[in-house]
Structure formats: C-alpha cells, structure tokens
C-alpha cells in the first residue's frame, strides 16, 4: 500500500475538537434509558462546537474507568444509532481495535456507517491492546509485533476498499481476493490512527493516515511530534496533510466547587476516597482530569495547544452524562481552536 495522497476534491476536515464517550454506567440509568443518555451527549456535542463524536471500541470497561462488568455498548451499532440522532458531526471509534474484526468486514461496517450517516463516518483504528477482552472472547491476541503486523496488513485491505477498489492481498495474517465493497462510501472516509509509539505507530500514521491521535503525557508531546515529522520526511509525506489530535480528560462545571464535587463523587464510585488523599495526590488527580470552571479549563487547554497539536479529543467520564456539561465543555474549548 502506498502513501495516502489527499486531493482537493477528496480532502475532508479532520478532528480539531472531538467528544469521546468512554463510559456507559450512569447513576439511575439502566439498559432501557442508556441510548437516550448517550444520544443526548452526542447532540450537545454537535450543537456546542465539537466536530466529531467518538465512542470506545471495547467489550469490557477499561481498568482506569471501572470494573470490567460495567456497561460497554458495541461501538459500531451505537454509532449507527447516533447517526440518526445527529446531522453534522463526524462519527467514529477512538479507536477501533483491529484484532476484533476481519479488515474486509471492518471496511464494510465503516462504509455502512457512512451510508447511514449520510457521509459522516471516520475510521479510527489501532493495533489493539486489552488482553482481557481477547482472552474472554477467544480472540487471538498474539505478541506486540503480531498486532502491528496485522494492523499494517489490515490497512492494505481496508483503505483500497474504502476507496472503491477491489484489493487482493495474500499476507501473513489476512487474505482477500477481489474484495468488493458496494455500495461505496458517500464521501472519502478519513483515517485516524491512535497511539503514540514513536517507532511503529507514528511511522504507520505517516504512511497511511490522515490523523494521529496521541495519548501521552504533556512533556512527551514535542518528542512525539518530532518523531512524526521524521517519519514523514523519510517517507516523502507532506507533514501538513496530517492532523494531530491529543486525547484529554476533563471535568467541567459552572463553578470550581461544582466541578470538584462532581469529580469527587465519580472517584468515590471508583473506590478512590478523595478526602484521604494528601495535597500532592489530590493535585495530581485533579490536574489529570483538567477539572474546574470554564475559565480554569479553558486556560489549561490553551496551554496544551501551545505544545503544537492541532486539537483535542476530550472525554468527560465524571459528569458528561449530566445535562449541559458537554455543551459547557464545547463552548469553552471550541473558541480556542482555529
């Protein structure tokens, strides 16, 4: 597979401000009310300045967000539902675990999302990492090297299929013969690759993707951007074609006191007693969540932009389910984004 080349006719804007929904266990919300609670967040995101809505592609909840048996909705079924509840935001997974689906099937799934959403699908994809899910569901996990080899082979199948081609690939991990994808997508589906590995992930970004979504500490961002620049230079890729978003977590409320109370309640539900933390531990937790009123949260995101990223994907695990919180976040951060 060669380097992806964008043309004036096919270029689409990428994520400058994405809202990610990472958790689906909310107080007093059961399965019968869950989709409405998620759809409300997507609708608030759409009307407050977010350009993309993203959900997690997992089957169990992640360790940093809760116990494995907390609610987790299958990503692409959920995205198809959200397509009918929204009209403008792009829709995608942050990010699709490549190991969970055969790449030709994934190409069909993402194309179906594009059809259902009238041209708003985005493919976020990564190598996969959550071993517990693989073991529980009987999905081959393999080694770190295996998973990255699979990802690159998968892209050699998925990208042509999304571009209305019929690839034939006989690889180490996947085989397809004249793989047909009809109907084709309505629009050119942009490719986001998630992860921050400097040797493998960012090289794959430079070779195949439209967007890099970084998950790393603030002090590591400049080094990640330098690594991406170097891969682009070596491959002859125009670095300006690639949007870089950075995954962040926030807890915003009209006042600092409300934000701290809502974050504290969430952490209590995670088994973390905020009152028992010393000042340093408490500061570290509240900094990680970018917690506060709009002025405080906005100032922090403004500083984050100075590191050189183009935008953010942001989640609100503590209080995104509360009416108005997604709107407040969007209106706060959107004004910072070019």
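Residue numbers (my numbering): 471 to 808. Quick reminder that beta carbons are idealized off the backbone N, C-alpha and C, glycines included.
Exposure of residue i, with buried meaning 16 or more beta-carbon neighbours within 10 Å
{"i": "residue 732", "result": "buried"}
{"i": "residue 795", "result": "buried"}
{"i": "residue 640", "result": "exposed"}
{"i": "residue 610", "result": "exposed"}
{"i": "residue 664", "result": "buried"}
{"i": "residue 494", "result": "buried"}
{"i": "residue 525", "result": "buried"}
{"i": "residue 723", "result": "buried"}
{"i": "residue 516", "result": "buried"}
{"i": "residue 746", "result": "exposed"}
{"i": "residue 501", "result": "exposed"}
{"i": "residue 618", "result": "buried"}
{"i": "residue 774", "result": "buried"}
{"i": "residue 812", "result": "Since the first residue of the chain shown is 471 and the last is 808, residue 812 is not available in this structure."}
{"i": "residue 713", "result": "buried"}
{"i": "residue 544", "result": "exposed"}
{"i": "residue 710", "result": "exposed"}
{"i": "residue 694", "result": "buried"}
{"i": "residue 692", "result": "exposed"}
{"i": "residue 431", "result": "This structure cannot settle anything about residue 431, because the visible part of the chain is limited to 471 through 808."}
{"i": "residue 575", "result": "exposed"}
{"i": "residue 603", "result": "buried"}
Beta-carbon separation (whole angstroms), residue i vs residue j, contact threshold 8 Å
{"i": "residue 654", "j": "residue 581", "result": "7 Å"}
{"i": "residue 556", "j": "residue 715", "result": "With a Cβ gap of about 19 Å, residue 556 and residue 715 do not count as contacting."}
{"i": "residue 577", "j": "residue 631", "result": "4 Å"}
{"i": "residue 553", "j": "residue 583", "result": "7 Å"}
{"i": "residue 507", "j": "residue 496", "result": "6 Å"}
{"i": "residue 792", "j": "residue 720", "result": "That belief does not hold up - the Cβ atoms of residue 792 and residue 720 are roughly 13 Å apart, past 8 Å."}
{"i": "residue 766", "j": "residue 726", "result": "6 Å"}
{"i": "residue 548", "j": "residue 492", "result": "Between residue 492 and residue 548 the Cβ distance is about 12 Å, and since that is not below 8 Å, they are no contact."}
{"i": "residue 683", "j": "residue 750", "result": "About 30 Å; that fails the 8 Å criterion."}
Per-residue DSSP class, three states only, for residue i
{"i": "residue 717", "result": "strand"}
{"i": "residue 619", "result": "helix"}
{"i": "residue 737", "result": "helix"}
{"i": "residue 662", "result": "strand"}
{"i": "residue 468", "result": "For the chain, the structure presents residues 471 to 808; residue 468 sits outside this window and is missing."}
{"i": "residue 684", "result": "strand"}
{"i": "residue 760", "result": "coil"}
{"i": "residue 782", "result": "strand"}
{"i": "residue 626", "result": "helix"}
{"i": "residue 800", "result": "helix"}
{"i": "residue 434", "result": "The question about residue 434 has no answer here: the residues shown for the chain are numbered 471 through 808."}
{"i": "residue 541", "result": "coil"}
{"i": "residue 549", "result": "helix"}
{"i": "residue 640", "result": "strand"}
{"i": "residue 485", "result": "coil"}
{"i": "residue 775", "result": "helix"}
{"i": "residue 712", "result": "coil"}
{"i": "residue 522", "result": "strand"}
{"i": "residue 673", "result": "helix"}
{"i": "residue 805", "result": "coil"}
{"i": "residue 652", "result": "coil"}
{"i": "residue 633", "result": "coil"}
{"i": "residue 645", "result": "strand"}
{"i": "residue 531", "result": "coil"}
Reference residue i, options the options, closest by Cα
{"i": "residue 718", "options": "504, 688, 692", "result": "688"}
{"i": "residue 755", "options": "766, 767, 742", "result": "742"}
{"i": "residue 608", "options": "646, 529, 669", "result": "529"}
{"i": "residue 622", "options": "600, 652, 678, 574", "result": "678"}
{"i": "residue 821", "options": "618, 651, 614, 764", "result": "With the chain represented from 471 up to 808, any question about residue 821 goes unanswered, as that position is not in the structure."}
{"i": "residue 674", "options": "590, 620, 638, 727", "result": "620"}
{"i": "residue 587", "options": "522, 626, 798, 603", "result": "522"}
{"i": "residue 770", "options": "696, 643, 803, 488", "result": "803"}
{"i": "residue 490", "options": "563, 503, 734, 745", "result": "563"}
{"i": "residue 644", "options": "693, 659, 777, 569", "result": "569"}
{"i": "residue 510", "options": "537, 541, 551", "result": "551"}
{"i": "residue 649", "options": "626, 668, 670", "result": "626"}
{"i": "residue 499", "options": "748, 699, 541", "result": "541"}
{"i": "residue 589", "options": "658, 545, 527, 744", "result": "658"}
{"i": "residue 601", "options": "531, 638, 591, 728", "result": "531"}
{"i": "residue 707", "options": "606, 539, 681", "result": "681"}
{"i": "residue 789", "options": "748, 728, 753", "result": "728"}
{"i": "residue 661", "options": "686, 695, 591", "result": "591"}
{"i": "residue 560", "options": "487, 595, 505, 599", "result": "487"}
{"i": "residue 585", "options": "546, 760, 594, 638", "result": "546"}
{"i": "residue 779", "options": "806, 786, 763, 762", "result": "806"}
{"i": "residue 740", "options": "753, 538, 699", "result": "538"}
{"i": "residue 772", "options": "520, 751, 808, 748", "result": "808"}
{"i": "residue 764", "options": "638, 801, 787, 785", "result": "801"}
{"i": "residue 702", "options": "670, 685, 730", "result": "670"}
Contained beta strand (DSSP E) runs [length at least 3] in the segment 551-612, N- to C-terminal order: Segments of the beta strand (DSSP E) lying fully in the segment 551-612: 560-563, 593-596.
Sequence ranges, beta strand (DSSP E) only - wholly within the segment 495-519, length at least 3: As far as the segment 495-519 is concerned, it has no whole beta strand (DSSP E) run of at least 3 residues.
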